[in-house]
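**Q** Have a look at the structure that comes next, please.
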Amino acid sequence: MGLLGNIKKGLQKTRSMLQGRLGALFSRRRFDDDFYDELEEILIGADVGLQTSLELVEKLRENVQKGRISEPEQVVDLLKEMLLDILGKETVPLAVSEEKPMVILMLGVNGVGKTTTIGKLAARYRKEGKNTLLVAGDTFRAAAIEQLEIWAKRSKSDLIKHQQNADPAAVIFDGIAAAKARGSDLVLCDTAGRLHNKANLMEELKKIYRVIGKALPGAPHEVLLVLDATTGQNALAQAKVFNEAANLTGIVLTKLDGTAKGGIVVAVARELQLPVKLVGVGESIDDLQPFDPQEYVEGLFAGEWI
Amino acid sequence: MIFANLSEKLQNAVRRLRQKGKLTEKDINAALREVRLALLEADVNFKVVKTFIADVRERCLQSDVMASLTPGQTVIKIVKEELTNLMGGEVAKLAAADRTPTVVMLVGLQGSGKTTSAAKLANLLKKQNRSVLLVAADIYRPAAIKQLQVLGEQLSIPVFQLGQKQPEQIARAALEQARREGYDYLIIDTAGRLHIDDEMMAELVRLEEVLQPEEILLVVDAMTGQDAVNVAQSFRERLNLTGVILTKLDGDSRGGAALSVKAVTGCPVKFAGVGEKTDAFEPFHPDRMASRILGMGDVLTLIEKAQSAFDEEKARELERKMRSRQFTLEDYMEQLQQLKKMGPLNQIIEMLPGIGGMGKKLKNFDVDESVLKKTEAIILSMTPEERAQPAIINSSRRRRIASGSGTRVQDVNNLLKQFAMMNKMMKQFGKMEKSMLKKKGKFPFM
Ligand SMILES: Nc1nc2c(ncn2[C@@H]2O[C@H](COP(=O)(O)OP(=O)(O)OP(=O)(O)O)[C@@H](O)[C@H]2O)c(=O)[nH]1
Ligand SMILES: [Mg+2]
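Laid out in structure tokens, this is it:
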């Protein structure tokens, strides 16, 4: 079951797009102000973000005025196309590194799903026959190390940990050294959740990033920012600041099994040219999937929750 | 951020009208359009925004706004009032049971901050000399029980757990122990769950039956977007929610979710999480939140503080001077002294309009109180003449002032430069016909 399938599963009785709000909208068959207002609301309701939504609708309006569109149904197609222009039409896979080990750094604000995503991702690589090593880089939150330990067991990965409150950069340095010594294929580094407006924590992150590069030139190969689909406009600020601190290579959008659409990734993709690479669709070890832009865009308009 | 300075936008929207001297419905609509954008930008759910704007529009049209001399301000005031009303007006307190223990259940989505909030709330109660038993009922998330145990240990608060036994069973046993041992409060941490997960929601309903809690608090992340209404609605349909805890308010989200949740559930936000440490937990202030959502800073609080700290007469005098551009270093020092009476500077800065959206820099900026002291010392080392006419302060005078105040010439230079800049700003300020603060606040420094 794809992403759309999962969203549908979650929504239980998902109405198809044309029966839903857009359907009602098109039955109007007139391009009046209300029409555009409603379109705007659908986008805003999916957390696409105010500015992005306003601009998308403005573009549609222009196209109508220039006579490029004459039927309301065509609006959906054009809107989808515009969204895909921003998100990219194809799935962007995770990097593959020639040398071993490949290092993945997982970042994000508190509670978005970093640790869980690491567990799921490790399990995926294990299925491909890779040796994975998890590093307990969250030395701050209570029982964060124990949590990762359980995910290491579940995914049959190695684990490198230090004590609570140890220097996270040092743990990660050790983790990479251990991976080199053991010949692990992949190192997945967990980090403590941090709000992007805390200067000291972002400095700590920069240090972690530098240390990884020292431990292994060319690393980290993936720096993934985990965004919770429930998050609104703030996700854009998160992406900007984390990107400045640690050169993000992609986004993981979690909790898409709920009713939130996570539309803010459209704004993130647009402003930072950052691809969404993975989506989280549940709490189990298998609930991680590649991001499929086409399915996602369909899903944005589906459902009665918007 | 474009909508950072809402009050300014509103002023612009009604400027035309001031020239006309009369407010039309169109002007009000223009102003409310800005409010709408500000609320949407803050993540308030669009449906909530719609209702809200409709209500405010009605009030604006029928009230004395149209006749008001300062319609812009009046519109802002109405918006602020309605917003505060919607947020619940007063600070809400935790319920207390007739017979101990008072049972508090925390519920919410995954990652919203339940476990941390449970520990923080327990800590707050403990500081009020209440005995608390924490209960670990999240049997699903790896190491969730351990997390609560570690926090309990740090705070010397006992944590009840039965491993991965069924949550109802845990709850029953915990309640029994709390009764037997006479705890004042029983706080239950539950697993995070999606509001559309029927099975998991049913588990909460069973827990409510077992515990008959005085409080069921929905824990909501302040960064939540439009979906907050769906979440809140679903939880409210299944449970007798009594309140909300808003977490991660130390982030820089505008926190519109607070409004959405309040509008949907009718439950007041009772507490706010403002940091990762266990004491970063406060009673929630609806009026402050209203300002934050609007991105206009804590204007009202600021005005209140200013009013209590400032001597009315002096303020009027200063204002006159500012308008006539006779503001001197002497006055400046007086202002600084007044300012100090208002409390820690960085708190005041936080409350300033516009900081909400604009000021990443300002927000990280720790106001150094020692700079104030230095400034005072420098001005005190000047002669009255120099204070009245800074232009006469040449380099030999600067050296004298520096040595007299125990500072460096550079410091004196900086102060004079700042003062010149401030005077320039005040000129612009003087040009603004009616400032929002001036009318009510008599707070010329801003
Ligand atoms: N429904 C759902 N829940 C998820 C998903 N990903 C993670 N979670 C849950 O979200 C909660 C937080 O996940 P964590 O992995 O601990 O998040 P984190 O970012 O590591 O949190 P901190 O380290 O505390 O900052 C847990 O209860 C997870 O089970 C997802 O895709 N869907
Ligand atoms: Mg974690």
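Quick mapping for you: the protein sequence lines, in order, are chains Z and L.
If you read the first sequence in the numbering used here, its first letter stands for residue 1, the second for the next number, and so on.
If you read the second sequence in the numbering used here, its first letter stands for residue 1001, the second for the next number, and so on.
All residues carry an ideal CB built from backbone N, CA and C; glycine is no exception.
All values derive from a computational prediction rather than experimental measurement.
(1) Any heavy atom of ligand 1 within a distance shorter than 7 Å of the CB on Z:Glu-283?
(2) Taking buried to mean at least 16 other C-beta atoms within 10 Å of its own C-beta, is Z:Glu-222 buried or exposed?
(3) Let me check one thing: in DSSP terms, what residues is Z:Leu-159 bridge-paired to?
(4) In this structure, does DSSP put L:Leu-1302 in helix, strand or coil?
(5) Taking the alpha-carbon positions, what's the Z:Arg-124 to Z:Gly-108 distance?
(6) Can you give the Cα-Cα distance for L:Lys-1120 and L:Leu-1134, rounded to whole angstroms?
(7) In whole angstroms, what separates the C-alpha of L:Met-1422 from that of L:Ile-1379?
(8) Should L:Glu-1203 be flagged as near chain Z, meaning a C-beta pair shorter than 8 Å?
(9) Counting contacts by CB-CB distance shorter than 8 Å, is Z:Gly-137 in contact with chain L?
(10) Could you compute how far the alpha carbon of Z:Trp-151 sits from the alpha carbon of L:Leu-1294?
(11) Express the C-alpha separation of Z:Leu-272 and Z:Lys-240 in angstroms, rounding to a whole number.
(12) Kindly examine ligand 3 and report whether one of its heavy atoms sits closer than 7 Å to the Cβ of Z:Ala-142.
(13) Quick check on the burial criterion: 16 or more other C-beta atoms within 10 angstroms. Buried or exposed for L:Asp-1098?
(14) How about Z:Gly-111 and L:Gly-1111: are their beta carbons less than 8 Å apart?
(15) Which residues in chain Z sit within 7 Å of L:Phe-1456, going by Cβ to Cβ distance?
(16) Let me confirm a value: L:Leu-1061 is counted as buried when at least 16 other C-beta atoms fall within 10 Å, else exposed. Which label applies?
(17) Within 8 Å of any Cβ in chain Z, is that where the Cβ of L:Val-1150 sits?
(18) Checking contacts by CB at 8 Å: is L:Thr-1224 closer than that to chain Z?
(19) If contact is defined by three or more beta carbon pairs under 8 Å, each pair taking one atom from either stretch, is the stretch 1170-1184 of chain L in contact with the stretch 1140-1151 of chain L?
(20) Could you check how far apart the C-beta atoms of Z:Leu-50 and L:Glu-1041 are, in whole angstroms? I think they sit under 8 Å.
(21) Here's the rule: buried if 16 or more other CB atoms are within 10 angstroms of the residue's CB, otherwise exposed. What is L:Asp-1279?
(22) For Z:Ile-285, tell me which candidate among Z:Asp-167, Z:Leu-39 and Z:Ile-118 has the shortest Cα-Cα distance.
(23) Classify Z:Lys-206 as helix, strand or coil using the three-state DSSP reduction.
(24) Quick one: is the Cβ of L:Thr-1074 within less than 7 Å of any heavy atom of ligand 1?
(25) Per DSSP, what are the beta-bridge partners of Z:Val-112 in this structure?
(26) L:Gly-1295 CB to nearest chain Z CB: under 8 Å?
(27) Does chain L have any CB closer than 8 Å to the CB of Z:Gly-299?
(28) Who does L:Pro-1478 pair with in a DSSP beta bridge?
(29) Residues in the stretch 246-268 of chain Z with C-beta within 9 Å of chain L's C-beta atoms, listed in sequence order?
(30) Thinking Z:Thr-52 and Z:Ala-267 are a contact (beta carbons under 8 Å), I'd like their distance in whole angstroms, please.
(31) On the DSSP bridge assignment, give the partners of Z:Ile-104 in chain order.
(32) Since Z:Ile-150 is in the beta strand (DSSP E), which residue starts that stretch and which ends it?
(33) How many angstroms separate the CA atom of Z:Thr-191 from the CA atom of Z:Glu-98?
(34) What's the gap between the Cα of L:Arg-1230 and the Cα of Z:Glu-73?
(35) Taking only heavy atoms of ligand 1 into account, decide whether any of them is closer than 7 Å to the Cβ of Z:Val-226.
(36) Identify the continuous alpha helix (DSSP H) that holds L:Gln-1110 and give its terminal residues.
**A** Per the coordinate set shown:
(1) yes
(2) Flag for Z:Glu-222 reads buried.
(3) Z:Leu-134
(4) Note that L:Leu-1302 scores 46 on pLDDT, short of 50, meaning its location in the model is unreliable; the coordinates nonetheless yield the value given after this. It is helical.
(5) Cα to Cα, the separation comes out at about 21 Å.
(6) 11 Å
(7) The alpha-carbon atoms of L:Met-1422 and L:Ile-1379 are separated by roughly 15 Å.
(8) no
(9) Not closer than 8 Å to any Cβ of chain L, the Cβ of Z:Gly-137 fails to qualify, so no.
(10) 42 Å
(11) Distance between the alpha carbons of Z:Lys-240 and Z:Leu-272: 7 Å.
(12) Among the ligands present in this structure, namely ligand 1 and ligand 2, ligand 3 is not found.
(13) exposed
(14) It is a contact, given that the beta carbons lie within the stated cut-off.
(15) With chain L represented from 1001 up to 1446, any question about residue 1456 of chain L goes unanswered, as that position is not in the structure.
(16) exposed
(17) It does: the Cβ of L:Val-1150 has a partner Cβ on chain Z nearer than 8 Å.
(18) yes
(19) no
(20) 5 Å
(21) exposed
(22) The option with the nearest alpha carbon to Z:Ile-285 is Z:Ile-118.
(23) helix
(24) no
(25) Beta-bridge pairing links Z:Val-112 to no other residue.
(26) no
(27) Not closer than 8 Å to any Cβ of chain L, the Cβ of Z:Gly-299 fails to qualify, so no.
(28) This structure does not reach residue 1478 of chain L, given that chain L is present from 1001 up to 1446, and the question cannot be answered.
(29) Thr-254, Lys-255, Asp-257, Gly-258, Thr-259, Ala-260, Lys-261, Gly-262, Gly-263 and Ile-264
(30) 5 Å
(31) Z:Leu-188 and Z:Glu-222
(32) No beta strand (DSSP E) holds Z:Ile-150; the alpha helix (DSSP H) holding it covers 144-154.
(33) About 25 Å.
(34) With the sequence shown as reference, residue 1230 of chain L is identified as Asn, and Arg is not the correct amino acid for it. Taking the straight line joining both Cα atoms gives about 28 Å.
(35) yes
(36) It is not in any alpha helix (DSSP H) - L:Gln-1110 carries neither H nor E in the DSSP assignment.
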